[in-house]
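>
2 protein chains.
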Amino acid sequence: MAFRLALAQINATVGDLPGNRDKILEFVSSARAAGASLVAFPELALTGYPPEDLLLKTHFVAENLRLLRELASSVQGITAVIGFVDRSRTGELYNAAALVAGGRICGVYHKCALPNYSVFDEKRYFVPGDSPQVFRQADTVAAVNICEDLWVDDGIYVRQARQGARLIVNISSSPYEEGKRAQRIALLRRRALATGAAWAYVNLVGGQDELVFDGASLVVSREGRLLAWGRQFEEDLVCCDVELSSGTKKRVVLTLPASVSAQSARLLLARPVVLKAEAEIYQALVTGTRDYVRKNGFQKVLIGLSGGIDSALVAAIATDAVGKENVVAVSMPTRFNAGATKGDARRLARALGIEFKEISIEPLFKAFLAVLAPHFKGHSFGLAEENLQSRIRGNLLMAFSNKFGWLLLTTGNKSEMATGYCTLYGDMSGGYAVIKDILKTRVYALCEFFNTKEGREVIPRSVFTRPPSAELRPGQTDQDSLPPYPVLDALLQDYVEAHRSADEMARRKPGGEWTARVVSLVDRSEYKRRQSPPGIKISKCAFGKDWRLPLTNHYRPRIASASGK
Amino acid sequence: MAFRLALAQINATVGDLPGNRDKILEFVSSARAAGASLVAFPELALTGYPPEDLLLKTHFVAENLRLLRELASSVQGITAVIGFVDRSRTGELYNAAALVAGGRICGVYHKCALPNYSVFDEKRYFVPGDSPQVFRQADTVAAVNICEDLWVDDGIYVRQARQGARLIVNISSSPYEEGKRAQRIALLRRRALATGAAWAYVNLVGGQDELVFDGASLVVSREGRLLAWGRQFEEDLVCCDVELSSGTKKRVVLTLPASVSAQSARLLLARPVVLKAEAEIYQALVTGTRDYVRKNGFQKVLIGLSGGIDSALVAAIATDAVGKENVVAVSMPTRFNAGATKGDARRLARALGIEFKEISIEPLFKAFLAVLAPHFKGHSFGLAEENLQSRIRGNLLMAFSNKFGWLLLTTGNKSEMATGYCTLYGDMSGGYAVIKDILKTRVYALCEFFNTKEGREVIPRSVFTRPPSAELRPGQTDQDSLPPYPVLDALLQDYVEAHRSADEMARRKPGGEWTARVVSLVDRSEYKRRQSPPGIKISKCAFGKDWRLPLTNHYRPRIASASGK
Numbered sequence: 003m004a005f006r007l008a009l010a011q012i013n014a015t016v017g018d019l020p021g022n023r024d025k026i027l028e029f030v031s032s033a034r035a036a037g038a039s040l041v042a043f044p045e046l047a048l049t050g051y052p053p054e055d056l057l058l059k060t061h062f063v064a065e066n067l068r069l070l071r072e073l074a075s076s077v078q079g080i081t082a083v084i085g086f087v088d089r090s091r092t093g094e095l096y097n098a099a100a101l102v103a104g105g106r107i108c109g110v111y112h113k114c115a116l117p118n119y120s121v122f123d124e125k126r127y128f129v130p131g132d133s134p135q136v137f138r139q140a141d142t143v144a145a146v147n148i149c150e151d152l153w154v155d156d157g158i159y160v161r162q163a164r165q166g167a168r169l170i171v172n173i174s175s176s177p178y179e180e181g182k183r184a185q186r187i188a189l190l191r192r193r194a195l196a197t198g199a200a201w202a203y204v205n206l207v208g209g210q211d212e213l214v215f216d217g218a219s220l221v222v223s224r225e226g227r228l229l230a231w232g233r234q235f236e237e238d239l240v241c242c243d244v245e246l247s248s249g250t251k252k253r254v255v256l257t258l259p260a261s262v263s264a265q266s267a268r269l270l271l272a273r274p275v276v277l278k279a280e281a282e283i284y285q286a287l288v289t290g291t292r293d294y295v296r297k298n299g300f301q302k303v304l305i306g307l308s309g310g311i312d313s314a315l316v317a318a319i320a321t322d323a324v325g326k327e328n329v330v331a332v333s334m335p336t337r338f339n340a341g342a343t344k345g346d347a348r349r350l351a352r353a354l355g356i357e358f359k360e361i362s363i364e365p366l367f368k369a370f371l372a373v374l375a376p377h378f379k380g381h382s383f384g385l386a387e388e389n390l391q392s393r394i395r396g397n398l399l400m401a402f403s404n405k406f407g408w409l410l411l412t413t414g415n416k417s418e419m420a421t422g423y424c425t426l427y428g429d430m431s432g433g434y435a436v437i438k439d440i441l442k443t444r445v446y447a448l449c450e451f452f453n454t455k456e457g458r459e460v461i462p463r464s465v466f467t468r469p470p471s472a473e474l475r476p477g478q479t480d481q482d483s484l485p486p487y488p489v490l491d492a493l494l495q496d497y498v499e500a501h502r503s504a505d506e507m508a509r510r511k512p513g514g515e516w517t518a519r520v521v522s523l524v525d526r527s528e529y530k531r532r533q534s535p536p537g538i539k540i541s542k543c544a545f546g547k548d549w550r551l552p553l554t555n556h557y558r559p560r561i562a563s564a565s566g567k
Numbered sequence: 003m004a005f006r007l008a009l010a011q012i013n014a015t016v017g018d019l020p021g022n023r024d025k026i027l028e029f030v031s032s033a034r035a036a037g038a039s040l041v042a043f044p045e046l047a048l049t050g051y052p053p054e055d056l057l058l059k060t061h062f063v064a065e066n067l068r069l070l071r072e073l074a075s076s077v078q079g080i081t082a083v084i085g086f087v088d089r090s091r092t093g094e095l096y097n098a099a100a101l102v103a104g105g106r107i108c109g110v111y112h113k114c115a116l117p118n119y120s121v122f123d124e125k126r127y128f129v130p131g132d133s134p135q136v137f138r139q140a141d142t143v144a145a146v147n148i149c150e151d152l153w154v155d156d157g158i159y160v161r162q163a164r165q166g167a168r169l170i171v172n173i174s175s176s177p178y179e180e181g182k183r184a185q186r187i188a189l190l191r192r193r194a195l196a197t198g199a200a201w202a203y204v205n206l207v208g209g210q211d212e213l214v215f216d217g218a219s220l221v222v223s224r225e226g227r228l229l230a231w232g233r234q235f236e237e238d239l240v241c242c243d244v245e246l247s248s249g250t251k252k253r254v255v256l257t258l259p260a261s262v263s264a265q266s267a268r269l270l271l272a273r274p275v276v277l278k279a280e281a282e283i284y285q286a287l288v289t290g291t292r293d294y295v296r297k298n299g300f301q302k303v304l305i306g307l308s309g310g311i312d313s314a315l316v317a318a319i320a321t322d323a324v325g326k327e328n329v330v331a332v333s334m335p336t337r338f339n340a341g342a343t344k345g346d347a348r349r350l351a352r353a354l355g356i357e358f359k360e361i362s363i364e365p366l367f368k369a370f371l372a373v374l375a376p377h378f379k380g381h382s383f384g385l386a387e388e389n390l391q392s393r394i395r396g397n398l399l400m401a402f403s404n405k406f407g408w409l410l411l412t413t414g415n416k417s418e419m420a421t422g423y424c425t426l427y428g429d430m431s432g433g434y435a436v437i438k439d440i441l442k443t444r445v446y447a448l449c450e451f452f453n454t455k456e457g458r459e460v461i462p463r464s465v466f467t468r469p470p471s472a473e474l475r476p477g478q479t480d481q482d483s484l485p486p487y488p489v490l491d492a493l494l495q496d497y498v499e500a501h502r503s504a505d506e507m508a509r510r511k512p513g514g515e516w517t518a519r520v521v522s523l524v525d526r527s528e529y530k531r532r533q534s535p536p537g538i539k540i541s542k543c544a545f546g547k548d549w550r551l552p553l554t555n556h557y558r559p560r561i562a563s564a565s566g567k
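Those sequence lines, one after another, are chains A and B. Residue 114 in my numbering sits at position 112 of the first sequence, and the numbers go up by one each step. Residue 136 in my numbering sits at position 134 of the second sequence, and the numbers go up by one each step.
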C-alpha cells in the first residue's frame, strides 16, 4: 500500500513558543490539504533549536508543555510528529517527539542518543530515552527517532525495525556543514537497507546564532532509493507517497486513529535543484546572516568597506541577505590606504547599489597620536599605532550602529581569526561575523562565485589581484608576517579542524616548515577569539561552540622533525 | 593503627605537562620526608584542570601518558595518587587516578560520575568508569575516587566501602564558590558516617581562566570528625595521621608495596586560619587575578581608574595580586567628570602606591564629534555619544597595553554585566574582568573589607558615599535607568543565579515591580556578555561557561501578576 507522508521543514525561532506553535499548525493544515496521513516536524520544533540554557528555566519547559497540549487539540485528520521538551514527574528532561492525532497526544518518544560533542551539549540538559515506541498507523507500523539516533551505529532503530517498523521517521535539527547532505543520503541508504524500512528525514531550516540549518529533508525507500528531497536553506513541505509492505503482527505500543485517505491524487513534486559546493556555502552564509539580522529585530546592517576582498564578500552576502536598500557601507581611509583600494570600495558599493559613506580617519588618528605622544616618547611606530587605526574605525562604526540602530557586521575571515591577524575592538567590532569560518583562499572562491552568479564584475577584478594588506603601515602586506594563504589555510585545516599534531603538520609538503609559526600564532590568539562576535559555522570545527580551548594554556606541541623523518 | 597520609594541594597549570610533573615530584619528596605512606594529588594534576579541548588532541593525551610513566619511575618509598588522563586501546578517555609506588604504576581508577552541568563538560571528553578498585596498603584497605564521585548520592563510594575500604581518598579539582568549603565539610562528614571509612579530600589550588580553585583540602575521621585542613587559595602539603581499623579480609584488587614506616614522630600541624566571608571572596579574586596575569606571562597590569567604587576595588585587588609596582592606573576625564571624582582617582592611586596617569579625552571626544557631525545632523546627544567616550578610553588603554605589554583589567561588576550597563569595546575592553561576578552591593562590602584589612582609608570615604554614575552626560546617575542596587541585586540573584520565573520575582517585596524591566535588560544584553572578557566565578552561576543562553532568543517570560496573587 502507498502511504503519503509530509515533511515540514520549518524555520522555527528559539524561544518563540507561540510563534512556533502557529507555524506548526499552519504546516499541519497544508499537509492535511495535500492528503498526507502523517506530517513530521523537526527536532524541538516547538522550542526552536538549540534552546540551550532556556532549558534550565522550569517555567520555559512548563510553557512548552502547555502549548503542546493546546496545539494537539487542533490536530485532526492527520498524525503529526512534533519535537518538544518532555519532563518526567521527577523533573528530568527529554528531547522528545509527540505523536499527535485525533486532537490529543497519543504517544511520546524520547531521544536515546544524546550528542555531547562539537557544538552539542545535550547531556547538559537531557536524560536519554530507551524505548523504541513503534506505533501502528493505518496498515503500517511506523517508528520515530530523533537526529543523533540515526547517526549512532546499532542504535535504537535496530529495535524499532525488529518490532516491525516499515517506516522510520527521523526528526532532526542538524546544523549545516560543508558536504553534510551527501553524508546524510549515504547514511539513510545504509540504514534503510539494514532495517528493511523506508526512512523519512526532516530537518530544521534557518539560522540560529552561529548555526545554520539547511533543511534538505530526505525520503529513502526500503531499497535505499532516494524518493524525495526538500529545498536547501528554505522552508518546504516535502510530500511523498511511500510503498510500504503491510505491518507486522507483532505487538505495538500504540494504534493511532485513521487519518485522511491516502487515495488522493499522486502529488506532482517540483524537486528542488541541489546546490553545488560554493553555491551551498554562499547560501548558508546568506541564510545565517538574514536570520540573525531579522530574528534580532534589525532592519539595516552596516559594514566597514576597505576595498579588500573580505569586506567585499561580506557586502555581497549582506545585500543578498537583507536587500541592497538595507546595507550601509563606510570606507575609512588613512594616510596608508592606496588610492586604488579606496576607489575599489566606492566602485563595489556602486555596483551593489548600497549606501556608501567615506570618512577620513586621519584627523582622529593624528589626535590620538598627539594625546599619546608624551607617554610613547622614545618608542617607534608599531603595533599599538596600527591597532589604533583599526579601533578608530571600530568606534566610528559603533557610533553609527548606536545612533541609527544598524547591526554592524564584521568582515574578518577564518585565516585571520586563527592567526590573530585582526584587532580586538577594531575590525573585530560588530554583532555578527559573517565569514568567520571561511578560510582566506575560499573567500576568493566565493567572490568569484558571486560575480559569476551576478553575471558581471560586481566585485572589481583589482580586488582579486591586489596583494592582501591591512594597510596599517606603509607598504604592508599580509605576507610580511604570514605564510602564503594556500599554505596557511592547509596548515589551519590540519591544526584547527583535524586537531593534527605539529609533528604531522611539519611533514606536509609544501609548507610544513611553517608549522611552528602557525601553531604558535593560533595558540597565542585564543584571547582574541574569546571576545569575538559569533559567526556562521560551515566547517567541521568553527571558532565557536565547537572550539573550547583554555586561554591559559602552557601546552607547546613538540615538533620532532621538520624534515619528514 | 595510625596511617600517615599527605594531601598535596598544588597549583598545576593547564597544559604544562613537564612543569606539573616536576611539581608533583617535588611534593612527593616532601611527603616522603614527612613520613607519609601515601600522598594524593588533585584531579588531573598532571594536565591541569580543566584541559578542555586539549583533550581532543591525541598527541596531548599521549604526552600526558608518557610523562606519567616517566614520573612513576621516580616514585619510591611512598604511594602517590596522581590525577591524569587515561586512554583505552580503542581511544576512549578516562578522567583517572594512577596509584604509583615502587617505581611503577600499580593501579588505575577511572572516575565514575562525570559532571556535565554548570561549568563542567566532562561528558564531552570522558567515558565513565565503573570499578571501585579498592587496594591494600600496609594493614589497610583504601580506595580512591575523583571529585564528582563524592557528590553523587549512592555513588561508587558505596561499593568501595562494601569492599572493605577504611580510607577513601577523593582527589578533586573543585572550583571555588562562596560557601563551598562548608558544604564540602558537611558532605564529607555524611559520607564518612555512611561508609564507616575515613575520608581524605585533596583539592587543586590556583586560577585557571574564570575558575579559581581554593585548595582547602580536608581529612575527616570515620566518626565524621574534622582531623586536618589545608590552606585556602595557597599551595599546601597537609599531613595527617589517621587511625584506621585493620583491613577487611575480602578480596582486594591490588596490594601495594610497603611504604616508609608510619612510626615517625607525630606531626605538628600548623592549622591554617579559615577565612571569613568577604575575606574569602577577596582572596578568590586576588588568586584568580594573580594566576591569570602570571600564567599568561604578563608583568604589569593596567586599569582605567575613574574615581568610582568598581575601579577602586579592582585596583586594590590588582595591588594585592601582583604588587603595587606592577599596577598602572590611568584616569581619563571628560567635561562630564566631576572634580571630586578625578580627585578621588588620584588620591586612591597615591594611597595604593601605584603609578598614575591622567589624560583628558576631551580633545579626542571633540574630534570624533566633529567627524561625525555631518552624519548625525538633526540627532541629539544620546547613547552613541555616551558610548563614544567610553570607547575612546578603551582605545587609549589598549594603546598602552599594546605598546608596553601590560594586561588591561576591566572594572565592570556583575550588576552591570547583567543589565548591559556597560559599553562594548569601551569599559568592557580588556583581557580579564576581575569583578565580573561581584554584584554592586558586594563591591561596596569588599571595599569596606579592604580598608579594614589595610587599617586605613585607602579607598576614600567619598567613593562610598557618592551616588554611582557613569558620568557620560551631565548629572547622570545609575539610578536614572536602573532600580536601586539592593533591589536590582536581589532580582538578579533570582533571575540569573536561581533561574526563577518572572512570576516568582514579581512577588518579591520590595522591588517586585521592577521585574519586567530587569528581565528585559538581562535578556537584551546577551550580545554584550558574549563578547566580554573572562572573569572570576565566585557564585553559583557566573556569566561564563555556566551561562549558555542563546543570543537569538524570543522567549519572553509571562508575568501573570505583580500584586502577589
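For each residue, glycine too, the CB sits at the ideal point set by N, CA and C.
Lys-359/A by DSSP, collapsed to three states: which one?
Three-state DSSP puts Lys-359/A in a strand.
> Determine, using beta carbons only, whether Asn-13/A and Glu-282/A come nearer to each other than 7 Å.
No. Outside cutoff.
> Asn-404/A versus chain B: which residues are under 9 Å apart at the beta carbon?
Those are Gly-384, Leu-385, Ala-386, Glu-387, Glu-388, Asn-389 and Leu-390, listed as they occur along chain B.
> Taking only beta-carbon atoms, is Leu-551/B less than 7 Å away from chain A?
With 7 Å as the cut-off, Leu-551/B counts as an interface residue toward chain A.
> If you run the structure through DSSP and keep just helix, strand and coil, what is Gly-432/A?
It is coil, neither helix nor strand.
> When you compare each of Ala-42/A, Ser-431/A, Gly-104/A and Ala-544/A to Thr-306/A by their alpha carbons, which one comes out closest?
Looking at the sequence shown, residue 306/A is not Thr but Gly. That would be Ser-431/A, whose Cα lies nearest to the Cα of Gly-306/A.
> Taking buried to mean at least 16 other C-beta atoms within 10 Å of its own C-beta, is Asp-1/B buried or exposed?
It is not possible to answer for residue 1/B, since the shown part of chain B is limited to 3 through 567.
> Is there at least one Cβ from chain A nearer than 7 Å to Tyr-529/B's Cβ?
At least one chain A Cβ lies under 7 Å of Tyr-529/B.
> Looking at the unbroken beta strand (DSSP E) that takes in Trp-153/A, where does it start and where does it end?
Element bounds for Trp-153/A: not the beta strand (DSSP E) but the alpha helix (DSSP H), 150-153.
> Would you kindly work out how many angstroms separate the C-alpha atoms of Asn-397/A and Gly-428/A, rounded to a whole number?
In a straight line, the C-alpha of Asn-397/A is about 8 Å away from that of Gly-428/A.
> Any idea if Ala-82/A is buried or exposed, counting beta-carbon neighbours within 10 angstroms, 16 or more meaning buried?
The residue in question, Ala-82/A, is buried, as its Cβ has 16 or more Cβ neighbours within 10 Å.
> Using the beta-carbon count (16 or more within 10 Å), is Leu-228/A buried or exposed?
The residue is exposed, with fewer than 16 neighbouring Cβ atoms inside 10 Å.
> Could you pull the DSSP bridge partners for Ser-568/A from this structure?
No information on residue 568/A is available, as it lies outside the stretch 3 to 567 that chain A covers here.
> Who are the Cβ neighbours of Ile-540/A in its own chain at under 6 Å, not counting the five residues just before and after it?
Within the same chain, Ile-540/A has close Cβ partners Glu-180, Ile-283, Ala-286 and Asp-439.
> Determine, for Glu-150/A, whether the minimum Cβ-Cβ distance to residues of chain B falls below 7 Å.
By this cut-off, Glu-150/A is not an interface position.
> Mind listing the chain A neighbours of Lys-359/B? Cutoff is C-beta to C-beta under 9 Å, in chain order.
The contacting residues are His-377.
> Is there contact between the segment 506-518 of chain B and the segment 441-448 of chain B, where contact requires at least three CB pairs shorter than 8 Å?
In short, these stretches do not touch, since the Cβ pair count stays below three.
> Could you check how far apart the C-beta atoms of Ala-386/B and Ala-401/A are, in whole angstroms? I think they sit under 8 Å.
Yes, they are in contact, since the Cβ atoms of Ala-386/B and Ala-401/A sit about 5 Å apart, within 8 Å.
> Report yes or no: is there a C-beta of chain A within less than 7 Å of the C-beta of Asp-24/B?
False, the Cβ-Cβ gap to chain A never drops below 7 Å.
> What is the rounded straight-line gap between the Cα of Ile-84/B and the Cα of Val-102/B?
About 8 Å.
> Determine the closest residue to Leu-116/A out of Ala-500/A, Arg-526/A, Arg-560/A and Glu-45/A, with distance taken between C-alpha atoms.
Of Ala-500/A, Arg-526/A, Arg-560/A and Glu-45/A, the residue nearest in Cα terms is Glu-45/A.
> May I have the straight-line CA-CA distance separating Ala-10/B from Phe-370/B, to the nearest angstrom?
Spanning the two alpha carbons is a distance of roughly 56 Å.
> For the alpha helix (DSSP H) containing His-556/A, name the first residue and the last one.
Run containing His-556/A: none; DSSP gives neither H nor E here.
> Indicate the three-state DSSP secondary structure (helix, strand or coil) for Asn-397/A in the structure shown.
Of the three classes helix, strand and coil, the one that applies to Asn-397/A here is helix, per DSSP.
> Quick check on DSSP: helix, strand or coil for Gln-185/B?
It is helical.
> With contact counted as at least three CB pairs below 8 Å, one residue from each stretch, are the segment 527-540 of chain A and the segment 519-534 of chain B in contact?
Flag = yes, the segment 527-540 of chain A and the segment 519-534 of chain B touch.
> Less than 6 Å between C-beta atoms, sequence neighbours within five positions excluded: which residues of the same chain meet that for Leu-390/B?
Hits under 6 Å: Phe-370.
> For Ala-264/B, decide whether its Cβ has a neighbour in chain A, counting only Cβ atoms nearer than 7 Å.
In this prediction, Ala-264/B has a pLDDT of 37, which is less than 50 and means its spatial position is unreliable; nothing more can be read from the coordinates.
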